[in-house]
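Visitor: Going by full-length UniProt numbering, the first residue of the sequence shown is number 1, and it counts up by one from there.
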Amino acid sequence: MTISKDRVKPSPQPDSWKLREIFATGIVLGGYLALMTVVSFWLMNDTDFFSTAFTTKKDYGKEEREAQWAAAQRTLHGLQPPEMNNLFYEKNSYRELSEIAEQAKRRAEVARLRELHTLKGHVESVVKLKGLDIDTIQQHYTV
Numbered sequence: 001m002t003i004s005k006d007r008v009k010p011s012p013q014p015d016s017w018k019l020r021e022i023f024a025t026g027i028v029l030g031g032y033l034a035l036m037t038v039v040s041f042w043l044m045n046d047t048d049f050f051s052t053a054f055t056t057k058k059d060y061g062k063e064e065r066e067a068q069w070a071a072a073q074r075t076l077h078g079l080q081p082p083e084m085n086n087l088f089y090e091k092n093s094y095r096e097l098s099e100i101a102e103q104a105k106r107r108a109e110v111a112r113l114r115e116l117h118t119l120k121g122h123v124e125s126v127v128k129l130k131g132l133d134i135d136t137i138q139q140h141y142t143v
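1. Cutting at 8 Å between CB atoms, please list the residues of its own chain near ARG95, excluding the five before and the five after it.
2. Starting from the C-beta of ARG114, find all residues in its chain whose C-beta is less than 7 Å away, skip the five residues before and the five after it, and write them out in chain order.
3. Starting from GLY30, trace the alpha helix (DSSP H) in both directions and tell me its first and last residue.
4. Consult DSSP for ARG7 and reduce its assignment to one of helix, strand or coil.
5. Using the C-alpha atoms, what's the distance from LEU33 back to VAL110?
6. Output the boundary residues of the alpha helix (DSSP H) element that contains THR52.
7. Roughly how many angstroms separate the alpha carbons of PHE41 and LYS58, rounded to a whole number?
8. In this structure, how does DSSP classify SER16 when only helix, strand and coil are distinguished?
9. Identify whether MET128 lies in helix, strand or coil by the three-state DSSP scheme.
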């Protein structure tokens, strides 16, 4: 709360709306946004920056680019490229192999944690390391 000695009431509405200034500001900001949208689309569509920078591949796909370069050098020198399975050159199969590897890592981690934190898992791992047959061991005792 302010203490004022003047007896002037502030106006609840502006003295003037300055429509030209408001519209000019809107047009400038809208034009800037439209221009930046076009520039961003051009960067994403025509350049390979986003496909290499935001990839799921290790080292931004460096190994794959090196393999492509090596294959190109072999063909430039007249050497025949080795017959390889095309499984590794397809984008979808690379992603599928990556997902399979991730699932295998997850399963291995779950098995490791089970072995560490449960008695049954610890007993099974010791039996496996010693080479014993767990089915021959009597597991149920009666009184």
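Heads up, the beta-carbon is just placed ideally off N, CA and C, and yes, glycines get one too.
Everything numeric in this text was worked out from a predicted model, so none of it was measured.
Guide: In short, the structure shows the following:
1. Taking the first residue of the sequence shown as 1, we reach residue 95 at position 95. Cβ neighbours of ARG95 beyond the five flanking positions: THR56.
2. Working through the sequence shown from its first residue, we reach residue 114 at position 114. The residues are GLY121.
3. For the purposes of this step, residue 30 is identified with residue 30 of the sequence shown, where counting begins at 1. Per DSSP, GLY30 belongs to the alpha helix (DSSP H) from 19–46.
4. On the sequence shown, residue 7 is found 7 positions in, with the first residue counted as 1. In the structure shown, ARG7 sits in coil (DSSP, three-state: anything other than H, G, I, E or B).
5. Here residue 110 refers to the residue found at position 110 of the sequence shown. Here residue 33 refers to the residue found at position 33 of the sequence shown. Rounded to the nearest angstrom, the two C-alpha atoms are 49 Å apart.
6. One-based indexing of the sequence shown puts residue 52 at position 52. Here the alpha helix (DSSP H) through THR52 covers 49–53.
7. Numbered from 1 along the sequence shown, position 41 holds the residue referred to as residue 41. Numbered from 1 along the sequence shown, position 58 holds the residue referred to as residue 58. If I take the Cα positions, the gap works out to 25 Å.
8. As a working note, residue 16 is residue 16 in the sequence shown. SER16 carries a coil assignment under DSSP once its states are collapsed to helix, strand and coil.
9. For this step, residue 128 is matched to residue 128 along the sequence shown. Per the sequence shown, residue 128 should be read as Lys rather than Met. Note: LYS128 maps to helix in three-state DSSP.
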